[in-house]
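Going by the working numbering, the first residue of the sequence shown is number 1, and it counts up by one from there.
In this text, a Cβ means the ideal position worked out from N, Cα and C, and glycines have one as well.
The structure presented is a predicted model; accordingly, all values stated were derived computationally and were not measured.
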Amino acid sequence: MGKALKPMAETVVIGGKGEVVLPRKVRTELGLAPGDELELRLEDDRIVLRKKAGRFASYLARLGRAPDTSGT
Numbered sequence: 001m002g003k004a005l006k007p008m009a010e011t012v013v014i015g016g017k018g019e020v021v022l023p024r025k026v027r028t029e030l031g032l033a034p035g036d037e038l039e040l041r042l043e044d045d046r047i048v049l050r051k052k053a054g055r056f057a058s059y060l061a062r063l064g065r066a067p068d069t070s071g072t
């Protein structure tokens, strides 16, 4: 199971083409890098972004098993 993340709140601005830049500390905390994919969901009046699982993790999730992230 993944590590618990500390709660944080940030204000971001929508650019002229609809782009939103994630603050560096958010990208660092989540281990996000250029090219990573995020899943966007609308929940009532909220926008929820979630790091998209890799192909292997997605496959295991469909089987009902979480990938081993312990590093051993």
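| Item | Value |
| --- | --- |
| Top-ranked residue by Cα proximity to Leu42, from Arg50, Gly35 and Val13 | Arg50 |
| 4-residue-minimum alpha helix (DSSP H) runs that sit fully inside the region 14-55, ordered along the chain | 24-30 |
| C-alpha distance - Ala9 paired with Arg27, whole-angstrom precision | 13 Å |
| Residue closest to Glu39, alpha-carbon to alpha-carbon, out of Pro23, Lys52, Lys6 and Ala33 | Lys52 |
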